[in-house]
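Below: the structure, in structure tokens.
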Amino acid sequence: MNLNPLRDPQDRRLPRIAGPCGLVIFGVTGDLSRRKVMPAIYDLANRGLLPPGFSLVGFARRDWADQDFEQIVHDSVKAHARTEFREEVWRQLADGFRFVPGDFDDDAAFDALRRTIMELDDTRGTGGNHAFYLAIPPAFFGSVVGQLKKHGLADPGPGSWRRVVIEKPFGHDLESARELNHIVDEVFPSGTVFRIDHYLGKETVQNILAMRFANNLFEPVWNSHYVDHVQITMAEDIGIGGRAGYYDGIGAARDVIQNHLLQLLALVAMEDPIAFDAESLRTEKAKVLESVSLPRRLDLATARGQYVAGWAGGEKVIGFLEEEGIEQSSTTETYAAIKLGVQTRRWAGVPFYLRTGKRLGRRVTEVAVVFKRAPHLPFSATATEELTQNALVIRVQPDEGMTIRFGAKVPGTTMEIRDVNMDFAYGGSFTESSPEAYERLILDVLLGDPPLFPRHEEVELSWQILDPVLDHWARKGRPEPYESGTWGPASADAMLARDGRVWRRP
Amino acid sequence: MIELIDTNSSQIAAEFVRARIRAGSPAMGMVMTLIIVTDEASAHDALDAAKYASHEHPARLLGVILRDPRGPSQVNAQVGMGQGFTGEVAVMRLKGEVVRHCESVVLPLLLPDSPVVAWWPTDAPEDPATDPLGRLAQRRITDAAAATKGKTTALATQCASYAKGNTDLAWTRITPWRALLAAALDQQPLRITHGCVEAERISPSADLLAAWLEDRLHVKVDRRVSAGPGITEVTLDTREGPIGLHREDGKLATLTSPGRPDRPVALKRREVPELLAEELRRLDEDNIYAAAVRRLMKTGADR
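Read top to bottom, the protein sequences are chains B and Z. The numbering of the first sequence is this note's numbering, which starts it at 136 and goes up by one. The numbering of the second sequence is this note's numbering, which starts it at 132 and goes up by one.
This is the structure we're talking about:
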């Protein structure tokens with residue numbers, strides 16, 4: 136029911152502004168907060184999407200006053216915000232900054248947090264609506280969530296809300312994911328838990344849905360009659376950098392395949408949702424994830440690797456085992472590739488190849504839908520020698536857009552057909568003005584709009600798919616080394632060669 | 132930019148293709164044609180604004196500068212693409228008899244099958260929808276506040292000739308005000324008994340804002356004069372006390388509402404490039420604007 140006379144569904148200029156609310160960040164000193172969360176909050180304010188009175192509370196084990204916290208936010212905004220720095224926007228925001236020092240098991244600190252929040256409700260009009268952003272390692276979720284409950288911070292008063300935002304990794308296997316979900320769900324009802332997978336906030340990822348379900352052109356060929364296979368790639372050119380503590384023991388499959396790549400697979404493979412709302416989208420995504428199957432011979436259908444020293448992009452780089460903080464005996468994989476099937480009528484027999492890795496040729500994330508060759512070619516064999524398979528490539532990052540690859544005649548007197556690309560770019564400079572994924576997701580948290588957040592069932596289903604692979608690898612010793620700056624280990628190429636296919640060079 | 136002297140549409144179109152090949156045939160991701168009807172003095176700023184907007188909406192920009200319609204016809208053009216923006220641009224200077232037939236120059240240059248927008252950065256025709264260039268477009272953007280002559284009546288003129296697809300940047304300017312007022316009422320759904328909009332003496336935006344509030348709230352909304360800049364205050368009276376949005380410096384406003392603490396909100400006066408980018412986001416008819424225009428015509432007639 137719409138009681139506000141100033142609102143009208145036809146008035147599409149008016150942006151969705153979140154209602155009065157505040158955000159509490161745990162782990163404000165971390166990379167995630169400083170590089171992503173705080174700049175995104177400033178950008179939202181700059182675009183006029185935050186409510187007047189919006190408040191930001193920092194919680195960390197630092198002996199800081201509100202001003203010190205303000206300085207930290209200021210520096211992070213200056214360094215990483217997407218939009219220009221404006222004094223008046225800053226003043227609107229800075230009024231609502233508070234800092235609460237303390238440990239995660241410190242009762243006094245959480246009591247101070249409760250008083251701070253009440254003070255904000257009074258002086259800033261946040262109305263009892265607060266979101267808790269846990270930008271901290273999952274090991275601490277339990278104590279923080281427990282403290283929130285203990286100090287009455289998790290219970291919204293009448294007519295207000297409390298939400299919790301968590302970041303990947305959502306566990307390291309099915310069991311730990313269940314445990315984590317259990318810890319959080321015990322305190323926060325499932326509708327108030329927002330799991331951030333920042334890939335889902337990206338324009339291109341949302342555009343997969345637009346492309347598939349708003350057009351009539353692609354859907355008829357979006358099935359096993361026409362599609363030969365699908366390759367989903369997320370490659371990074373960097374090494375693990377200073378993240379040894381996080382990365383060692385986690386590895387590429389848990390870090391990327393479990394969340395980003397399986398979510399991309401779900402969006403590409405799912406059936407039409409009955410509506411574009413959270414419930415329908417999640418239902419369809421869950422159906423796909425449930426129908427995903429692993430090949431019987433995991434040794435033939437998976438590959439993993441570890442980068443070794445080499446030259447990447449003109450720079451000499453060290454290998455994974457030489458990175459600071461990594462044990463010589465580490466079997467953590469930095470490259471992972473798996474072959475999956477989707478057991479539905481639409482996809483039966485179409486393999487989905489997922490791969491991810493660090494220190495690969497270049498930074499790229501893409502979904503390539505590779506089509507079957509035309510059943511009959513009325514040309515001579517020499518004419519079509521250079522023609523491969525048609526492909527539709529969704530480029531997620533960088534250079535967001537879409538490429539269609541098809542054959543065209545080479546100019547000249549002879550009939551010769553060769554692959555050409557047709558590109559749709561979101562525009563060279565367009566990406567600058569398109570909002571960061573975090574902006575979109577944080578705004579959705581404040582609005583309570585969940586379509587772009589994976590539900591805990593999806594998280595558990597993803598682990599269910601990945602667990603047998605991880606177990607298999609754990610029994611099989613060391614990952615195969617691959618030279619930095621290349622496209623991964625030889626076993627990954629062999630894995631596709633067995634099926635008579637090759638990896639695209641993305 | 133390539134200069135074409137005494138040229139015509141097909142040569143300009145051919146130059147577009149050549150420019151594209153010179154630039155290495157980048158993808159043609161253009162989503163619309165934007166016709167900018169301007170004079171020599173404001174052409175530069177208008178094109179810059181359009182290039183900014185094309186970051187969000189890659190477009191073929193057709194600048195049309197109409198000069199003296201007497202004497203022999205001549206079309207001169209500068210054609211280019213891609214330097215610092217997405218899309219293509221042609222600036223055409225028309226003089227002589229062809230000025231009266233300027234649409235014949237523009238028509239062959241419209242992108243196939245995609246929307247056409249016409250924008251008059253300063254003085255607009257009295258009836259944009261029947262203007263020869265305006266007729267080519269489904270969206271016509273005027274700017275009553277930028278009129279160089281007849282400033283006081285510019286908005287009334289546009290309102291009188293309102294047709295589907297017309298909008299005025301004076302309306303675009305008040306989107307943030309409207310958003311904040313709507314958000315204030317979201318938070319406190321109070322019944323409004325009376326309203327007031329305070330702004331500079333000549334402020335088409337303030338007139339539209341008052342009209343919109345009257346139309347939506349069905350109460351009397353007064354229009355008061357202040358020293359500016361732009362709109363300085365909006366007050367909505369309720370039985371519990373006033374909801375107010377007050378801005379003195381054109382940058383930072385204060386939101387007051389009954390029983391709540393005063394809160395600062397950034398409310399910067401936006402520049403034309405940003406306004407144009409917002410305007411191009413929706414290319415269908417703006418029904419809410421139409422309703423505000425009707426209301427403004429009615430109160431104008433009453434006064």
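Where is the CB? At the ideal position from N, CA and C, for every residue including glycine.
(message) Short of 8 Å Cβ to Cβ, which residues in the region 137–152 of chain B face chain Z?
(response) Cβ contacts with chain Z: Leu-138, Asn-139, Pro-140, Leu-141, Arg-142, Asp-143, Gln-145, Asp-146, Arg-147, Arg-148, Leu-149, Pro-150, Ile-152.
(request) Determine the chain B residues that contact Arg-413/Z at a beta-carbon separation under 8 Å, and present them in chain order. (result) Here residue 413/Z refers to the residue found at position 282 of the second sequence. Residues of chain B passing the Cβ test: Arg-147, Arg-148.
(request) Only counting runs of 4 or more residues, tell me where the alpha helix (DSSP H) segments fall wholly within the region 327–379 of chain Z, in order along the chain. (result) If you keep only unbroken alpha helix (DSSP H) runs of at least 4 residues inside the region 327–379 of chain Z, you get 335–348.
(request) Please look up how many angstroms separate the CB atoms of Val-210/Z and Met-132/Z, rounded, as I've assumed it's under 8 Å. (result) Translated into the one-based positions of the second sequence, residue 210/Z becomes position 79. Translated into the one-based positions of the second sequence, residue 132/Z becomes position 1. Going by Cβ atoms, the distance from Val-210/Z to Met-132/Z rounds to 7 Å, so yes, they are a contact pair.
(message) Can you check which of these residues, Ala-572/B, Asp-628/B, Ser-359/B, is closest to Met-173/B by C-alpha distance?
(response) Counting from 1 along the first sequence, the entry for residue 173/B is found at position 38. When each option's Cα is compared against that of Met-173/B, the closest is Ala-572/B.
(message) If I follow the unbroken beta strand (DSSP E) through Ala-526/B, where does it start and stop?
(response) In the first sequence, residue 526/B corresponds to position 391, counting from 1. 526–532 is the extent of the beta strand (DSSP E) around Ala-526/B.
(message) Considering only the alpha carbon of each residue, which of Ala-175/B, Leu-228/B, Leu-578/B, Gln-202/B lies closest to Ala-216/B?
(response) Reading the first sequence from its first residue, position 81 is the one you call residue 216/B. Nearest option by C-alpha distance: Ala-175/B.
(request) Alpha carbon to alpha carbon, how far is Lys-611/B from Tyr-617/B? Give it in angstroms, no decimals. (result) As a first step, residue 617/B must be located in the first sequence, where it is residue number 482. As a first step, residue 611/B must be located in the first sequence, where it is residue number 476. Using only the alpha carbons, I get a separation of about 17 Å.
(request) Run down chain Z in chain order and give the residues with a C-beta less than 7 Å from the C-beta of Val-224/B. (result) Along the first sequence, one-based indexing puts residue 224/B at 89. Neighbours of Val-224/B on chain Z, chain order: Ala-397.
(request) Assuming Val-477/B contacts Val-423/B (C-beta within less than 8 Å), just tell me the rounded distance between them. (result) By one-based count along the first sequence, residue 477/B stands at place 342. By one-based count along the first sequence, residue 423/B stands at place 288. That pair is a contact at about 6 Å.
(message) At the 8 Å Cβ level, is Lys-382/Z part of the contact set with chain B, yes or no?
(response) The residue labelled residue 382/Z in the question sits at position 251 within the second sequence. Cβ-Cβ to chain B under 8 Å: yes for Lys-382/Z.
(message) Quick check: what's the CA-CA separation for Gln-366/B versus Cys-156/B?
(response) As a first step, residue 366/B must be located in the first sequence, where it is residue number 231. As a first step, residue 156/B must be located in the first sequence, where it is residue number 21. So the alpha carbons of these two residues sit roughly 42 Å apart.
(message) Can you give me the C-alpha to C-alpha distance between Arg-354/Z and Pro-360/Z, rounded to a whole angstrom?
(response) Along the second sequence, read from residue 1 onward, the residue named residue 354/Z stands at position 223. Along the second sequence, read from residue 1 onward, the residue named residue 360/Z stands at position 229. A direct Cα-Cα distance of roughly 15 Å separates Arg-354/Z from Pro-360/Z.
(request) Mind listing the chain B neighbours of Pro-320/Z? Cutoff is C-beta to C-beta under 8 Å, in chain order. (result) Locating residue 320/Z in the second sequence gives position 189, counting from the first residue. For Pro-320/Z, the residues of chain B that pass the 8 Å Cβ criterion are Leu-138, Asn-139, in the order they occur in the chain.
(request) Identify, in the order they occur along the chain, each residue of the same chain with its Cβ nearer than 8 Å to the Cβ of Ala-243/B, setting aside the five sequence neighbours on each side. (result) Counted from its first residue, the first sequence places residue 243/B at position 108. Gly-237, listed in sequence order.
(message) Just to confirm my understanding: we take Leu-396/B, look at its own chain, exclude 5 residues before and 5 after, and list those with CB closer than 7 Å. What are they?
(response) The residue labelled residue 396/B in the question sits at position 261 within the first sequence. Ile-367, Met-369, Leu-489, Thr-491, listed in sequence order.
(request) Could you have a look at Ser-428/B and say whether DSSP puts it in helix, strand or coil? (result) For this step, residue 428/B is matched to residue 293 along the first sequence. Taken through DSSP and simplified to helix, strand or coil, Ser-428/B comes out as strand.
(message) Can you find the residues in the same chain that come closer than 6 Å, C-beta to C-beta, to Glu-574/B, ignoring five residues on each side of it along the sequence?
(response) Here residue 574/B refers to the residue found at position 439 of the first sequence. Excluding sequence neighbours, Glu-574/B sits near Ala-175, Asp-178, Leu-179.
(request) Go to Tyr-177/B, then tell me how far its beta strand (DSSP E) extends in each direction, as first and last residue. (result) Sequence index remark: in the first sequence, residue 177/B carries index 42 (1-based). First-last for Tyr-177/B: 173–181, but that is the alpha helix (DSSP H), not the beta strand (DSSP E).
(message) To the nearest angstrom, how far is the alpha carbon of Val-195/Z from that of Val-206/Z?
(response) Locating residue 195/Z in the second sequence gives position 64, counting from the first residue. Locating residue 206/Z in the second sequence gives position 75, counting from the first residue. One alpha carbon belongs to Val-195/Z, the other to Val-206/Z, and they sit about 10 Å apart.
(message) Classify Trp-251/Z: buried if its beta carbon has 16 or more other beta carbons within 10 angstroms, exposed otherwise.
(response) Stepping through the second sequence from its first residue, residue 251/Z is reached at position 120. That one is buried.
(request) Could you pull the start and end residues of the beta strand (DSSP E) that Glu-302/B belongs to? (result) Residue 302/B sits at position 167 when you count from the first residue of the first sequence. That run of the beta strand (DSSP E) goes 297–302.
(request) Spell out a yes or no on whether the region 322–340 of chain B and the region 533–545 of chain B are touching, meaning 3 or more CB-CB pairs, one atom from each, closer than 8 Å. (result) They touch, by the three-pair rule.
(message) Using the three-state DSSP reduction, which class does Glu-462/B fall into: helix, strand or coil?
(response) To locate residue 462/B, count along the first sequence from 1; it is residue 327. Of the three classes helix, strand and coil, the one that applies to Glu-462/B here is coil, per DSSP.
(request) For Ala-438/B, I'd like the list of residues in its chain whose CB is within less than 7 Å of its CB, leaving aside the five on either flank, ordered along the chain. (result) Counting from one through the first sequence, the residue named residue 438/B turns up at place 303. Only residues of its own chain outside the window of five on either side were considered, and among them Ala-472, Pro-624, Ser-626, Ala-627, Met-630 have a CB closer than 7 Å to the CB of Ala-438/B, listed in chain order.
(message) Is there a Cβ of chain B sitting closer than 8 Å to that of Arg-347/Z, yes or no?
(response) On the second sequence, residue 347/Z is found 216 positions in, with the first residue counted as 1. Yes, its Cβ sits closer than 8 Å to a Cβ of chain B.
(message) If you follow the beta strand (DSSP E) that Arg-304/Z is in, where does it begin and where does it stop?
(response) Residue numbering aside, residue 304/Z sits at position 173 when the second sequence is read from its first letter. Looking at the DSSP string, Arg-304/Z is not in any beta strand (DSSP E); the run it does join, the alpha helix (DSSP H), is 300–304.
(message) DSSP three-state label for Asp-628/B, please.
(response) Here the question's residue 628/B lines up with position 493 in the first sequence. The answer is helix: DSSP assigns Asp-628/B an H, G or I state.
(message) Please identify the residue among Gln-463/B, Gly-460/B, Tyr-442/B, Glu-462/B whose C-alpha is closest to the C-alpha of Ile-453/B.
(response) Here residue 453/B is taken as the residue at index 318 of the first sequence, counted from 1. Nearest of Gln-463/B, Gly-460/B, Tyr-442/B, Glu-462/B to Ile-453/B, Cα basis: Tyr-442/B.
(message) Measuring straight from C-alpha to C-alpha, what distance separates Arg-640/B and Pro-486/B?
(response) Locating residue 640/B in the first sequence gives position 505, counting from the first residue. Locating residue 486/B in the first sequence gives position 351, counting from the first residue. In a straight line, the C-alpha of Arg-640/B is about 18 Å away from that of Pro-486/B.
(request) Determine, using beta carbons only, whether Ala-249/Z and Ala-268/Z come nearer to each other than 8 Å. (result) Position 118 of the second sequence, counting from 1, holds the residue named residue 249/Z. Position 137 of the second sequence, counting from 1, holds the residue named residue 268/Z. Yes, these two residues count as a Cβ contact at 8 Å.
(message) Quick check on the burial criterion: 16 or more other C-beta atoms within 10 angstroms. Buried or exposed for Thr-548/B?
(response) In the first sequence, residue 548/B corresponds to position 413, counting from 1. By the neighbour-count rule (16 or more Cβ atoms within 10 Å), Thr-548/B is not buried but exposed.
(message) For Asp-317/Z, would you say it is in contact with chain B, using Cβ-to-Cβ distances shorter than 8 Å as the test?
(response) If you number the second sequence from 1, residue 317/Z lands on position 186. At least one CB of chain B lies nearer than 8 Å to the CB of Asp-317/Z.
(request) For Leu-264/Z, collect the residues of the same chain with a Cβ closer than 8 Å to its Cβ; drop the 5 residues on either side in sequence, then sort them by chain order. (result) In the second sequence, the residue the question calls residue 264/Z occupies position 133. Cβ neighbours of Leu-264/Z beyond the five flanking positions: Ile-166, Val-168, Val-195, Cys-233, Glu-234, Val-237, Ala-249.
(message) Between the alpha carbons of Lys-295/Z and Val-637/B, how many angstroms are there, rounded?
(response) As a first step, residue 295/Z is located in the second sequence; it is residue number 164 there, counting from the start. As a first step, residue 637/B is located in the first sequence; it is residue number 502 there, counting from the start. In this model, Lys-295/Z and Val-637/B are separated by some 54 Å (Cα to Cα).
(request) Go through the region 372–438 of chain B residue by residue and report every complete run of the alpha helix (DSSP H) that reaches 4 residues or more, in order. (result) Here the runs fully enclosed are 379–382, 397–404, 413–426, 433–436.
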